[in-house]
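Heads up, the thing below is written out as structure tokens.
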Amino acid sequence: MTNRATSTNSPLLELRGITKRFPGVLALDGVDFTLRAGEVHALLGENGAGKSTLIKVLTGVYRRDTGSMQLGGLEIDPQNPAQAEQLGISTVYQEVNLIRELSVAENISIGRQPRRYGLIDWQACRLRAQEALAPLELSIDVTQPLRTYSIAVQQMVAIARALDQQAKVLVLDEPTSSLDTAEVEQLFRVMRQLRKDGMGIVFVSHFLDQVYAISDRLTVLRGGNLVGEYGAESLPRLELISKMIGKEVAQVADMENRHAATQAAGPHPVVLQAQGLNRRGAVEDMDLKIHSGEVVGLAGLLGSGRTETARLLFGIDQPDSGTIEVDGKFVRKHGPRTAIRNRIALAPEDRKEAGIIPNLSVRENIVLALQGRRGWLRRIKRAEQQLLADRFIRALNIATPNSEKPAGQLSGGNQQKVILARWLAMQPKILILDEPTRGIDVGAKAEIENLVTELCADGMALLFISSELAEVCRDSHRIVVLRDRRKIAELTGEEIQLERIMHIIADEQPTEEAEDRTDA
Amino acid sequence: MPESLRKLTWPLAALAVLLLFNALLNPEFFSLHFAEGRLTGSLVDVLDRATPVLLLSLGMTLVIATAGVDLSVGAVMAMAGSISAVLLTDVGMPVLPTLLITLLASLAAGAWNGLLVSMLGIQPIVATLILMVAGRGIAQLLTDGQIIPIEGHPGFAYLGGGTLFFLPVTITIALAAALFTAIAVRYTALGLFIESAGENPTASRYAGLNVRAVRLLVYTLSGLFAGVAGLIYASDITAADANNAGLYLELDAILAVVIGGTALSGGRFFLAGSIIGALIIQTLGTTILMTQIGGQSIPAEWNLIVKAIVVLVVCLLQSAALRQILTGKGVRG
């Protein structure tokens, strides 16, 4: 943090009253954002807070509905990302948005290739690429295709492209999520250098450690609204989290100490046990035990390893090391099919990509997993399918005129129920719910939470993942807290308190005051 | 009305329009005669000649439903013709084992496509392009680039020219293949698996379906049906013609499937639609041959153009976007 002097300058970039509406959603509601030259400014918020919409407005992917944007005191209105780049606003996305098959040099100069006699001057192109890479302390062969390099290097190339364009504003959108510790350190060195050179950097990340390590100021969004702008030193981590999730630290203890779930009964057998699960870039040394009739909640911020754990348990990804046991038997050659054979079910986080088959009927979507386990020869009779579908449409209160409606035409909450029905139809022993309540309305949310409680009363083991801490606290018997891909705490019974979990996620000891309140 | 019937409306309408056109211009199109123990006439001729494309389109429907495509079926037809010719004439093998080996080879050819697509993850269009080129090459190598006559094998000649139930036996073969396919996909869970895997392979995998096996199976079936079509063609012309057998028929098969309402993006498929599509294509060909305008027949050079126009019209009729524009509702970007 060497160069605070420059950050007192007049703003480099000023966004005022930015509003962006999508059909049915007000994604941004009069949001202000100010970036000074020579600062790293973190943009923070939970999913759906409006971070990516704001960035897309800034970089010309979306057009704002209202509001003003000034860069260096001049009004700007980028129509597309290329125009934003020309104006001096460059973006590096998590998934590098360069062309993987082209060489590094081409990627750096694409769209602005040096020309001679009307033809591209490849020599100059290579030299320019090397020049752009030099300040990043990166000496690589610029003639090689981009895909031959690691994501970290690809990001550096994207940054080099921004330098080559004399960018004044650099937007880094979740740049560290696929980097390891050393690579993150290298990125931070570059960011500090650029800050010193007077660049304004917008940093979006879910890793709060990293946010505090590099940022000068923080802007927090929630539900499309600006919560506030803060100096990084003046906003303790716990307060930041409470601002992100929208609960006052002081209120938290009183509000959410009740949780409906009763103490998990001791003698219930362990149905699922994972030991020492490791997967690079996903989780480290994960131990997890789930008993029958127990709801285990996974708490942690996005990117903390919640979904990654679910994917390992369901066999979508293979662990680099570690073991998974179901009913005391080791699971080998793990894949979704073996998981299902072991009666593990997963309702995935990404309902649209990985859950619903949109053009197949509600009935077909419901019988799919059961039929999959039976195999193609033993078709479930049509009448039996109908019974199953009707039963679950009633039991889960799925709002559909009939079982033959294409599932993709239902609302998000009802689609989620169809996926739950798909799994309940095959009577799983272990049900993993990854964000089952995301993006669905309050009523459906409550129904799904009630269902979780009922299922576990029937002896099912549940692993419950949700970004809403309050929800996890309400529904879980035991909570495993994750941070930075590691399990950092496990709470049961009386220990399950929202505030306590927030403290653990924030890596801070609870203040005495808060301690007193929770004891009371 | 269930979706499967609704989807058939436009293809059936197109077929009806074609037949109506014939009723007006070529009244003899509908005349049937009974001669030499079988029915003859243009309608029978259409059904007989449609069988190769119809067979191909059955396999193609399932392949396209998995969001794939099989470009190699024409080449597999040529391969099947060449293999059977070599076995019958050079090796002197009896007809039944010849047919069996030819069909096994076609099955293997289809399985090869399936392996490339499902296990190695090669894009279907590329994977089957390989066999489209190599298959015809193998066919030409087997026959030394010559047309090999297949004569003196009445059993083999029966396939393409024989009579059963007073109709060309090809019609029964095609009908049997269509029934077999329909039963295989609708009376087992295979149809559901194919549609699910085609529309959302990730979700299907998460639901415990063996998406790879599904893909392998549909390409294998497609190869098998191409083999049957190749045998019928070779029997019909009583020769193995490696250069021309099945040439461009993969395109006709794809057209038939598309006309029949199955989307190239995969998912829901309509076997009956594909069959009607194959019949439309063949009816069109026969119509052009038979139509006389002012005492002159339409030159054969017009065949492809007219075919393209009719296919375009059928596709436009099925286009939801176009219907919205026409009904003034507009399309949303």
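Taken in sequence, the protein lines are chains A and B. Position 410 of the first sequence, counted from 1, bears residue number 410 in our numbering, the numbering being contiguous throughout. Position 123 of the second sequence, counted from 1, bears residue number 1123 in our numbering, the numbering being contiguous throughout. The beta carbon of each residue, even a glycine, is placed where N, CA and C say it ideally should be. Keep in mind it's a predicted model, so treat the numbers as computed, not measured.
With contacts defined as CB atoms closer than 8 angstroms, residue 1227 of chain B and residue 1246 of chain B fail to qualify as a contacting pair. Contact annotation: in the segment 1168-1195 of chain B, residues whose CB is within less than 8 angstroms of a CB in chain A are 1187, 1188, 1189, 1190, 1192, 1193, 1195. Contact note: residue 1200 of chain B reaches chain A through 357, using a C-beta cutoff of 7 angstroms and chain order. Residue pairing of residue 1128 of chain B in beta bridges, as defined by DSSP: absent, with no partner found. Inclusion of residue 464 of chain A and residue 270 of chain A in the CB contact set at 8 angstroms is not warranted, their separation being larger than that value. Apart from the 5 residues on each side of it in sequence, residue 1235 of chain B sits with its Cβ closer than 8 angstroms to the Cβ of 1150, 1156, 1157, 1158, 1159, 1160, 1161 in its chain, given in chain order. One Cα belongs to residue 1271 of chain B, the other to residue 201 of chain A, and the distance between them is close to 57 angstroms.
When 7 angstroms is used as the limit between beta carbons, residue 1268 of chain B is near these residues of chain A: 359, in chain order. For residue 230 of chain A, the enclosing beta strand (DSSP E) begins and ends at 225-231. In terms of Cα proximity to residue 71 of chain A, the closest of A:86, A:13, A:126, A:38 is A:13.
Spatial neighbours of residue 1098 of chain B in its own chain (CB-CB distance under 7 angstroms, excluding positions within 5 residues in sequence) are listed in chain order as 1084, 1087, 1088.
Nearest to residue 274 of chain A by alpha-carbon distance, out of A:64, A:204, A:315, A:408, is A:315.
According to DSSP, residue pairing for residue 66 of chain A in a beta bridge involves A:19. Under the three-state reduction of DSSP output, residue 319 of chain A falls in the coil class, being neither helix nor strand. For residue 369 of chain A, the closest Cβ of chain B is nearer than 8 angstroms. Setting aside the 5 residues that flank it on each side, residue 1224 of chain B is surrounded in the same chain by 1059, 1103, 1106, 1107, 1110, each with a C-beta closer than 8 angstroms to its C-beta; the list follows chain order.
Comparing C-alpha distances from residue 1094 of chain B to each of B:1064, B:1154, B:1259, B:1126 shows the shortest one belongs to B:1154. Residue contact with chain A for residue 1206 of chain B: present (Cβ-Cβ distance below 8 angstroms to some residue of chain A). Bounds of the beta strand (DSSP E) holding residue 1033 of chain B are 1033-1035. Per the coordinates, the alpha-carbon of residue 490 of chain A lies some 20 angstroms from the alpha-carbon of residue 311 of chain A.
In this chain, residue 414 of chain A is not harboured by any beta strand (DSSP E); it is covered by the alpha helix (DSSP H) spanning 412-424. Collapsing the DSSP output to three states places residue 1143 of chain B in coil. When C-beta distances to chain A are compared with 7 angstroms, the residues of the segment 1208-1220 of chain B below that value are 1208, 1209, 1210, in chain order. When C-alpha distances from residue 1311 of chain B are compared across B:1295, B:1281, B:1300, B:1194, the shortest belongs to B:1281. Shortest Cα-Cα distance from residue 1192 of chain B to any of A:337, A:282, A:370 involves A:370. Proximity of residue 1203 of chain B to chain A, defined by a Cβ-Cβ separation below 8 angstroms, is satisfied. Secondary structure at residue 1071 of chain B: coil, using DSSP grouped into helix, strand and coil. When A:129, A:100, A:101 are compared, the shortest CA-CA separation from residue 113 of chain A is found for A:129. Residue environment: residue 157 of chain A is assigned as buried (16 or more neighbouring CB atoms within 10 Å of its CB, all protein chains considered).
Taking the Cα positions, residue 38 of chain A is about 25 angstroms away from residue 97 of chain A. Segment contact: the segment 398-416 of chain A against the segment 351-364 of chain A, three or more CB-CB distances shorter than 8 angstroms; contact assigned. Taking a C-beta cut-off of 7 angstroms against chain B, the contacting residues of the segment 337-351 of chain A are 337, 340, 346, 348, listed in chain order. Identification of chain B residues near residue 353 of chain A by a Cβ-Cβ cut-off of 9 angstroms yields 1200, 1202, 1203, ordered along the chain. Proximity to residue 125 of chain A across A:135, A:109, A:139 peaks at A:109, based on C-alpha coordinates. Exposure of residue 1296 of chain B is indicated by the presence of fewer than 16 other C-beta atoms within 10 angstroms of its C-beta. Residue 282 of chain A is positioned such that its CB atom lies no closer than 8 angstroms to that of residue 481 of chain A.
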